[in-house]
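Asker:
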Amino acid sequence: MTRLFYDRDGTDTLHISDHDHEIHPVTFGREHHHHHHLTPPIINILPSPIMPNTQRSRLTVLRLPTALLTLATLLTQPANASQTTLIDSTGHLQKAIPTLPPTKRGIVTLLTSTGSASSPFPPTDCVSLSDNDYGQEGTAVVVITSPGASLESTSLLTRGVAAAASGAVASCVVLTGVTAADVEVGLSTTRHGRTLGELFAAVVRWGDGGDGGGRVVRKLIVAVEGEEVEEDRVKGDVEEIFMSVTAAACVEGTLGEYFDVEVSLVKSPEDASAIMSKASAAATTSNPISSDKTFSTVFTNIYNDILHSQTSDPTPVAEAILACNDAYSRASRMSRAKLATWKHRASRGLLVDNFSSNADSLLKRTLDMFDRDTMAAAGLPGAGEKRLEIRLQLQERTEKMMKELYALQMGILEKTTLKKFSGALLRKMGKDVPSQDFFENNADALREAAFAFERAASMLEVSSLALTKSKAIQDMTGKLNNALMTFPDSPAAKIKAMKKVERTVSKKKKPSEGSIDVALDLVAMIRPDGFGNFQGFAGYQLGPHSITVGVHNDADDPQVISSFGGVRPPFIRVQPKLKLDVEL
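For the sequence shown, this note's numbering begins at 382 and goes up steadily by one.
#1: So which of V598, E777, V615, R599 has the shortest CA-CA distance to V605?
#2: Contact between the stretch 533-542 and the stretch 464-473: three or more CB pairs below 8 Å?
#3: Keeping to the same chain, check which residues put their C-beta closer than 7 Å to that of I793; ignore five residues upstream and five downstream.
#4: What are the start and end residues of the beta strand (DSSP E) that includes D902?
#5: Can you give me the C-alpha to C-alpha distance between I687 and S671, rounded to a whole angstrom?
#6: At which residues does the alpha helix (DSSP H) containing S851 begin and terminate?
#7: Would you mind sorting Q956 into buried or exposed? The rule is 16 or more other CB atoms within 10 Å of its CB.
#8: Within 10 angstroms of its Cβ, does F581 collect 16 or more other Cβ (buried), or is it exposed?
#9: What first and last residue would you give for the beta strand (DSSP E) that runs through V932?
#10: Hey, how far is the Cα of A847 from the Cα of D825?
#11: Can you name, in chain order, every residue of its own chain whose Cβ lies under 8 Å from the Cβ of E621, other than the five neighbours on each side?
#12: Just confirm the distance between the C-beta atoms of T627 and A521, as a whole number of angstroms; I'd bet it's less than 8 Å.
#13: Would you give the residue range spanned by the alpha helix (DSSP H) that A831 belongs to?
#14: Apply the 10 Å Cβ neighbour rule to A583 and answer buried if 16 or more other Cβ atoms are within range, or exposed otherwise.
#15: Are the stretch 772-779 and the stretch 834-842 in contact at 8 Å, needing three or more beta carbon pairs?
#16: Return helix, strand or coil for A701, following the three-state DSSP convention.
#17: Give me, in chain order, the residues of the same chain whose beta-carbon lies closer than 6 Å to that of L577; leave out the 5 immediate sequence neighbours on both sides.
#18: Taking the alpha helix (DSSP H) that V619 belongs to, which residues open and close that run?
#19: On the premise that T557 lies in contact with L601, defined as a C-beta separation below 8 Å, what is that separation, rounded to the nearest angstrom?
#20: The alpha helix (DSSP H) with I942 in it runs from where to where?
#21: Taking the continuous alpha helix (DSSP H) assigned at E777, which residues delimit it?
#22: Skipping 5 residues on each side, what residues in its chain have a beta carbon closer than 8 Å to that of S649?
#23: Quick one: residues in its chain with C-beta nearer than 6 Å to the C-beta of H689, no 5 flanking neighbours on either side, listed in chain order?
#24: Under the assumption that F802 contacts L744 (Cβ atoms under 8 Å), give the Cβ distance between them as a whole number of angstroms.
#25: Excluding sequence positions up to five away, which residues of its chain have a Cβ less than 6 Å from the Cβ of M750?
#26: Mapping DSSP to helix, strand and coil, what is A551?
#27: Round the Cβ separation of V843 and P669 to the nearest angstrom and send it over; I've been treating them as touching at under 8 Å.
#28: Check for me: the alpha helix (DSSP H) holding F676 runs from which residue to which?
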């Protein structure tokens with residue numbers, strides 16, 4: 382029967398005996414360095430001397446399984462003896478949490494990813510404390526290495542509780558294992574989004590030092606593995622996750638009040654070492670743990686608070702709020718695309734066909750799409766209220782764009798109606814009717830224009846948004862009446878009247894046989910002071926001779942002055958015309 386004896390004389394020696402009572406000493410040597418970092422145990426299999434019975438009496442008999450367990454423990458002991466386990470792989474907090482030495486002024490938390498074994502930052506299955514990591518030996522910081530969360534919450538570690546507690550006590554947090562694919566799909570939908578959600582929740586709730594030490598702005602370094610990285614996109618995802626957590630926790634604050642976010646690209650172990658150097662330098666500038674508290678006390682309190690708090694897991698609420706934000710983006714994009722098409726049509730002076738019914742339908746589809754995608758968030762405390770806020774923002778933004786488009790189309794309809802009405806008045810102006818009958822004869826044209834406007838406005842009104850046609854019709858009626866009253870003094874009417882006078886004064890007589898006629902035409906224009914509100918013409922014809930006199934008080938009109946080169950027009954202007962009519 383094989384037995385194993387452990388020598389209790391102060392040396393690290395195991396003695397294995399066989400059936401012949403031969404003792405095989407196995408010595409475990411240890412080699413110490415000046416930094417007190419122990420090397421792995423050195424196993425020396427010594428010769429098999431025959432142990433005397435007197436010496437064997439000093440040996441304690443152990444069974445083989447116990448001996449093998451002892452061997453396994455020694456063989457798997459970490460190379461760095463200063464590395465201490467804080468939380469084991471099952472999520473249990475170790476009873477003996479060390480106190481940081483006075484020479485250590487900062488804490489760096491390294492959050493590894495469970496799915497990135499080939500990363501320059503290898504994953505870990507427990508939370509450990511070390512003062513020498515990634516070549517940072519001799520620095521004034523300690524490194525807490527913790528696994529990040531995963532999408533499948535099978536334990537406290539994969540849920541991200543340990544990562545949250547580790548990050549809450551650190552001055553600098555390094556998030557590793559982020560790939561280009563994670564950035565492409567958005568961090569909020571990956572395991573890193575859950576890790577950050579747990580971290581932010583812990584910092585927001587207990588991260589003011591965990592002991593009332595005051596809020597500290599931590600450094601957050603997101604290490605992205607790949608050839609290139611979109612920093613703004615990563616920072617945007619991080620801020621979105623933070624805002625969802627603060628909304629779920631009913632806490633006001635911005636990301637900049639808690640974290641200084643930096644994105645770094647990792648291609649090699651050298652890049653990883655550079656990031657750790659940067660993190661170590663940042664960690665020494667601040668400390669979230671107040672001077673009257675120890676690391677062990679703060680870390681233990683925060684971890685236990687997260688475990689025992691009923692609202693410790695913000696992930697469902699944060700994920701629900703993120704889902705609401707995504708639903709808002711999708712619904713908003715859909716509505717904006719349709720409204721942009723309508724706005725482009727309106728910019729060309731055209732009205733949207735059946736705008737009234739189409740706008741109602743678009744608003745209903747937009748809100749229904751958001752409600753369908755966010756149904757799960759309606760029943761979650763915290764997320765339900767935020768969902769209503771986001772839904773209200775979506776509704777207000779969509780309604781605002783519709784109201785702007787409604788106003789734009791109403792403006793187009795008013796201009797079109799007034800233009801058509803002026804054209805109808807010009808056509809009727811050619812008939813010789815007294816001025817007092819002009820308004821009565823054009824009353825029908827006014828009613829037709831008002832009716833056409835009302836019919837077109839009915840296709841634009843959106844009752845659900847209180848965009849009715851009643852006020853627009855009242856305004857349009859007033860504008861049509863004003864256009865009718867001021868039409869005789871309008872530029873178009875003046876031009877047509879002037880052309881009519883010119884045709885009258887230049888009217889020729891029928892030619893006679895074999896005659897030569899000489900005629901003198903005098904055209905005089907009197908322009909007294911005024912701005913053009915009075916105009917009149919008088920003509921007299923005596924045989925072939927004619928006199929035409931016009932009066933127009935527009936000497937002070939800026940347009941008239943500019944047409945004369947900046948000077949006032951002459952008070953009276955006479956233009957003689959000698960006509961010689963030869964008929965053969």
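Quick reminder that beta carbons are idealized off the backbone N, C-alpha and C, glycines included.
Answerer: On the basis of the supplied data:
#1: Mapped onto the sequence shown, residue 605 falls at position 224. Checking every option, the nearest Cα to that of V605 belongs to V615.
#2: They touch, by the three-pair rule.
#3: In the sequence shown, counting from the first residue as 1, residue 793 sits at position 412. Residues A727, G730, L732 of the same chain have their beta carbon placed closer than 7 Å to that of I793, with the five preceding and five following residues left out of the count.
#4: Within the sequence shown, the letter at position 521 stands for residue 902. Per DSSP, the continuous beta strand (DSSP E) segment holding D902 begins and ends at 896-907.
#5: Position 306 of the sequence shown holds residue 687. Position 290 of the sequence shown holds residue 671. Rounded to whole angstroms, I687 to S671 spans 20 Å at the Cα level.
#6: As a first step, residue 851 must be located in the sequence shown, where it is residue number 470. Taken as a continuous stretch (DSSP letters only), the alpha helix (DSSP H) holding S851 covers 851-866.
#7: Here the question's residue 956 lines up with position 575 in the sequence shown. An exposed status is given to Q956, since fewer than 16 other beta-carbon atoms sit within 10 Å of its beta-carbon.
#8: Stepping through the sequence shown from its first residue, residue 581 is reached at position 200. Buried, because 16 or more other Cβ atoms sit within 10 Å of the Cβ of F581.
#9: On the sequence shown, residue 932 is found 551 positions in, with the first residue counted as 1. That run of the beta strand (DSSP E) goes 926-933.
#10: Here residue 847 corresponds to residue number 466 of the sequence shown, with the count starting at 1. Here residue 825 corresponds to residue number 444 of the sequence shown, with the count starting at 1. Those two C-alpha atoms are separated by around 31 Å.
#11: Position 240 of the sequence shown, counted from the start, is the residue given in the question as residue 621. Hits under 8 Å: S569, L703, N706.
#12: Walking along the sequence shown from the start, residue 627 turns up at place 246. Walking along the sequence shown from the start, residue 521 turns up at place 140. At roughly 32 Å, the Cβ-Cβ gap does not stay under 8 Å, so T627 and A521 are not in contact.
#13: Taking the first residue of the sequence shown as 1, we reach residue 831 at position 450. From DSSP, the alpha helix (DSSP H) with A831 extends over 824-839.
#14: Here residue 583 refers to the residue found at position 202 when the sequence shown is read from its first residue. A583 counts as buried, since no fewer than 16 other beta carbons sit within 10 angstroms of its beta carbon.
#15: With a cut-off of 8 Å, the stretch 834-842 and the stretch 772-779 do not count as touching, because too few Cβ pairs lie within range.
#16: Position 320 of the sequence shown, counted from the first residue, corresponds to residue 701. In the displayed model, A701 falls within a helix according to three-state DSSP.
#17: Here residue 577 corresponds to residue number 196 of the sequence shown, with the count starting at 1. Around L577: I622.
#18: Counted from its first residue, the sequence shown places residue 619 at position 238. Segment 612-629, the alpha helix (DSSP H) holding V619.
#19: Within the sequence shown, the letter at position 220 stands for residue 601. Within the sequence shown, the letter at position 176 stands for residue 557. So it is not a contact: roughly 12 Å between Cβ atoms.
#20: The residue given as residue 942 occupies position 561 in the sequence shown. Where I942 is concerned, the enclosing alpha helix (DSSP H) starts and stops at 939-944.
#21: Within the sequence shown, the letter at position 396 stands for residue 777. 764-810 is the extent of the alpha helix (DSSP H) around E777.
#22: Indexing the sequence shown from 1 puts residue 649 at position 268. Same-chain partners within the cutoff: P501.
#23: As a first step, residue 689 must be located in the sequence shown, where it is residue number 308. If we look at H689 and ignore the five residues flanking it on each side, it has no Cβ neighbours.
#24: Locating residue 802 in the sequence shown gives position 421, where the first residue counts as 1. Locating residue 744 in the sequence shown gives position 363, where the first residue counts as 1. The C-beta separation of F802 from L744 comes to about 34 Å, leaving the pair out of contact by the 8 Å criterion.
#25: Counting from 1 along the sequence shown, the entry for residue 750 is found at position 369. If we look at M750 and ignore the five residues flanking it on each side, its Cβ neighbours are A712.
#26: As a position in the sequence shown, residue 551 is number 170, starting the count at 1. Coil at A551, not helix or strand.
#27: Here residue 843 corresponds to residue number 462 of the sequence shown, with the count starting at 1. Here residue 669 corresponds to residue number 288 of the sequence shown, with the count starting at 1. About 54 Å; that fails the 8 Å criterion.
#28: To locate residue 676, count along the sequence shown from 1; it is residue 295. First-last of the alpha helix (DSSP H) with F676: 676-689.
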